[in-house]
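Trainee: The structure that follows is given in the form of structure tokens.
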Amino acid sequence: MTTPVSEFEPLSVMVSSRCRDKVPFRRKSVPMSEVRQAIKEAVEAIQPAGHRVFDVWIHEDESHSAGDRNTWDTCMTKSRQADIFLVLYNGNAGWSGSSELLGDHVGICHAEFAEAFNKAAGKVRSIQFPAITARPDTPNARFQRYFSGQKVPGTQVQTGEEAVKAAADLAVATLLGLARSGVGVSSLGSYFTGEALQWTRLDFHERRRVTRLAVADFLRARSGNPDAKDHSTTVVLPVAGRKVAFVCDCIPSTLSTAGARELVGQPFLRDHLTVGELAAEVAGPVHVIACQKGVTESQAIRQLGFPDAVVVAAPFGIYISDAVQKIQMVFLANCRDETTTRHRAQRFLQWLEEQGEDQLLAKRAASRRRIADLVAEVAG
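Residue numbers (the numbering used here): 6 to 385.
Set out below in structure tokens:
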């Protein structure tokens, strides 16, 4: 049997950086473009079993293009389409184009990074040189502020040699990560077989029970007390230096099914009762709702009850919060069996740390606790 040619199609890698900025490389001070070329050669030379697995694009490959709208659009397209986006960051935003192209003078390195990150944050990798000094309210200052805010991890380097090695290491690590992700997805199995089929056979109440326990058990294992025999569906978890209560629940069918949706309703309406069972130093609660099927932003907003809220669609599902009442709900999508349920909960916790959202979640949870305590005092 012949392996299809498409299975050997290389992963596309775009390398983004300033071209002319000087860096130490091979005992000289050379333009960054020379380091980019060396990275291209090193990464494309990675050929397991003789097969080329990376196709690296650098702007020098199209140096014949004019520095106009065509160049800008080409770079933006490459940024979006690349399987892996590698930024050689030194804080320089790059060419800003003409005022006709970009009136706010966003540099091309800044724009490339934003295009790639907004398309798929998971494909962005960075190698970070010492950042240049930027004057306030300049393209470089805006780029540095934006880059810092995205919290993209990266290898710190001083020389071109270190950058080339780091790029090769990143390429291999990314390839292995993709392979492991594929194994993880495959291990989840099909929804019409195995444990997923068993859960589908359950009625709403029993499916809700086993799902919410699966979420609670997963969170409890990360609470610092994994051997606890508590079968409660409220779990106190350390988040950003605070103890935060997570109340676990489940919508055991599609959110469009009223009977399933109404089993959960608006759980935050009972927060003033929940806090009565929590220690004084515990913040929250935050509501984690496992959904058997998918969940959309509009469905999450309807569950909250009003549209003026922060809504984030992420790989685990939907995160929603409001700025006034500090209500926070996490909808975990496609929790069909224990594996998928735990996987979605894991991705949620990873997202919190990766994006720095854990600090904000903990701060909102502390405010929510104060609100719930006041409601409990008045209601009592």
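Ideal Cβ placement from N, Cα and C applies to all residues, glycine included.
Since the model is a prediction, treat every value here as computed from it, not as a measurement.
What are the residues that DSSP puts in a beta bridge with Q161?
Mentor: On the sequence shown, position 156 is the one that residue 161 refers to. In DSSP, Q161 forms a bridge with Q133.
Trainee: Going by beta carbon distance, what residues of the same chain come within less than 8 Å of D88, once the five residues before and after it are set aside?
Mentor: Position 83 of the sequence shown holds residue 88. Within the same chain, D88 has close Cβ partners L16, S17, V18, K128.
Trainee: What's the call for P144, buried or exposed, on a 16-neighbour Cβ count within 10 Å?
Mentor: As a working mapping, residue 144 is identified with position 139 in the sequence shown. Buried is the call here.
Trainee: Just curious, the alpha helix (DSSP H) that K156 is in, first and last residue?
Mentor: Here residue 156 refers to the residue found at position 151 when the sequence shown is read from its first residue. Counting along the chain, K156 falls outside any alpha helix (DSSP H), and DSSP gives it neither H nor E.
Trainee: Considering only their Cβ atoms, is the gap separating V20 from V61 smaller than 8 Å?
Mentor: For the purposes of this step, residue 61 is taken as the residue at position 56 of the sequence shown. For the purposes of this step, residue 20 is taken as the residue at position 15 of the sequence shown. Yes. Within cutoff.
Trainee: Just verifying my parser: in three-state terms, what is the DSSP assignment at D78?
Mentor: Within the sequence shown, the letter at position 73 stands for residue 78. Helix.
Trainee: For R307, which residues in the same chain have their Cβ closer than 6 Å to its Cβ, ignoring the five residues on either side in sequence?
Mentor: In the sequence shown, counting from the first residue as 1, residue 307 sits at position 302. Within the same chain, R307 has no close Cβ partners at all.
Trainee: Check whether the region 314-325 touches the region 285-293, taking contact to mean three or more Cβ pairs, one atom from each stretch, closer than 8 Å.
Mentor: At 8 Å Cβ cutoff, the stretches do not touch.
Trainee: How would you label A178, buried or exposed, when you count the other beta carbons within 10 angstroms and need 16 or more for buried?
Mentor: Here residue 178 is taken as the residue at index 173 of the sequence shown, counted from 1. Classification of A178: exposed, given that the 10 Å Cβ count is below 16.
Trainee: Can you find the residues in the same chain that come closer than 8 Å, C-beta to C-beta, to A381, ignoring five residues on each side of it along the sequence?
Mentor: One-based indexing of the sequence shown puts residue 381 at position 376. Answer for A381: H277, L278, V280, G281, listed in chain order.
Trainee: Restricting to Cα atoms, I'd like to know which of A245, H64, A305 is closest to S386.
Mentor: Past the boundaries of the shown model lies residue 386; the chain is included only from 6 to 385, so the question cannot be answered.
Trainee: Starting from the Cα of T216, find the closest Cα among A226, T238, R227, F148 and give me that residue.
Mentor: Reading the sequence shown from its first residue, position 211 is the one you call residue 216. Looking at the Cα atoms, T238 is the closest of the given residues.
Trainee: Do I294 and D254 have their C-beta atoms within less than 8 Å of each other?
Mentor: As a first step, residue 294 must be located in the sequence shown, where it is residue number 289. As a first step, residue 254 must be located in the sequence shown, where it is residue number 249. Contact: yes.
Trainee: Express the C-alpha separation of R206 and R374 in angstroms, rounding to a whole number.
Mentor: For the purposes of this step, residue 374 is taken as residue 369 along the sequence shown, with counting starting at 1. For the purposes of this step, residue 206 is taken as residue 201 along the sequence shown, with counting starting at 1. Each residue's alpha carbon lies about 38 Å from the other.
Trainee: Relative to the C-alpha of S85, which candidate in L91, C114, I113, A125 has its C-alpha closest?
Mentor: By one-based count along the sequence shown, residue 85 stands at place 80. According to the sequence shown, residue 85 is Arg rather than Ser. Taking only the C-alpha atoms, the option nearest R85 is A125.
Trainee: Which ranges does the alpha helix (DSSP H) cover as unbroken runs of at least 4 residues, wholly within the region 204-288, from first to last along the chain?
Mentor: You should have 209-226, 263-266, 276-279.
Trainee: Once the 5 residues before and after Q203 are set aside, which same chain residues still bring their CB inside 8 Å of it?
Mentor: Position 198 of the sequence shown, counting from 1, holds the residue named residue 203. Here the set comprises D342.
Trainee: Taking buried to mean at least 16 other C-beta atoms within 10 Å of its own C-beta, is N97 buried or exposed?
Mentor: Position 92 of the sequence shown, counted from the first residue, corresponds to residue 97. Under this definition N97 is a buried residue.
Trainee: Helix, strand or coil, according to DSSP, for W62 in the structure here?
Mentor: On the sequence shown, position 57 is the one that residue 62 refers to. DSSP places W62 in strand when its eight states are reduced to three.
Trainee: Reducing DSSP to helix, strand and coil, say where K124 ends up.
Mentor: What you label residue 124 is simply residue 119 of the sequence shown in a count that begins at 1. Looking at K124 - three-state DSSP - the assignment turns out to be helix.
Trainee: What whole-angstrom Cβ distance do I256 and A173 have, given they're in contact under 8 Å?
Mentor: Numbered from 1 along the sequence shown, position 251 holds the residue referred to as residue 256. Numbered from 1 along the sequence shown, position 168 holds the residue referred to as residue 173. The Cβ separation is near 46 Å, so there is no contact.
Trainee: Taking the beta strand (DSSP E) that Q333 belongs to, which residues open and close that run?
Mentor: As a first step, residue 333 is located in the sequence shown; it is residue number 328 there, counting from the start. Segment 333-337, the beta strand (DSSP E) holding Q333.
Trainee: Rounded to the nearest angstrom, what separates R74 and G55 at their Cα positions?
Mentor: Taking the first residue of the sequence shown as 1, we reach residue 74 at position 69. Taking the first residue of the sequence shown as 1, we reach residue 55 at position 50. Caution is warranted here: a pLDDT of 48 is assigned to R74, below 50, making its placement in the model unreliable, and the coordinate value is therefore given only provisionally. Distance between the alpha carbons of R74 and G55: 39 Å.
Trainee: Where does the unbroken alpha helix (DSSP H) through A43 begin, and where does it stop?
Mentor: Reading the sequence shown from its first residue, position 38 is the one you call residue 43. Start and end: 37-49.
Trainee: Roughly how many angstroms lie between the CA atoms of R275 and A350, to the nearest whole one?
Mentor: By 1-based counting over the sequence shown, the position of residue 275 is 270. By 1-based counting over the sequence shown, the position of residue 350 is 345. Whole-angstrom Cα-Cα distance: 23 Å.
Trainee: Between the alpha carbons of A263 and N339, how many angstroms are there, rounded?
Mentor: What you label residue 263 is simply residue 258 of the sequence shown in a count that begins at 1. What you label residue 339 is simply residue 334 of the sequence shown in a count that begins at 1. Computed Cα separation, rounded: 18 Å.
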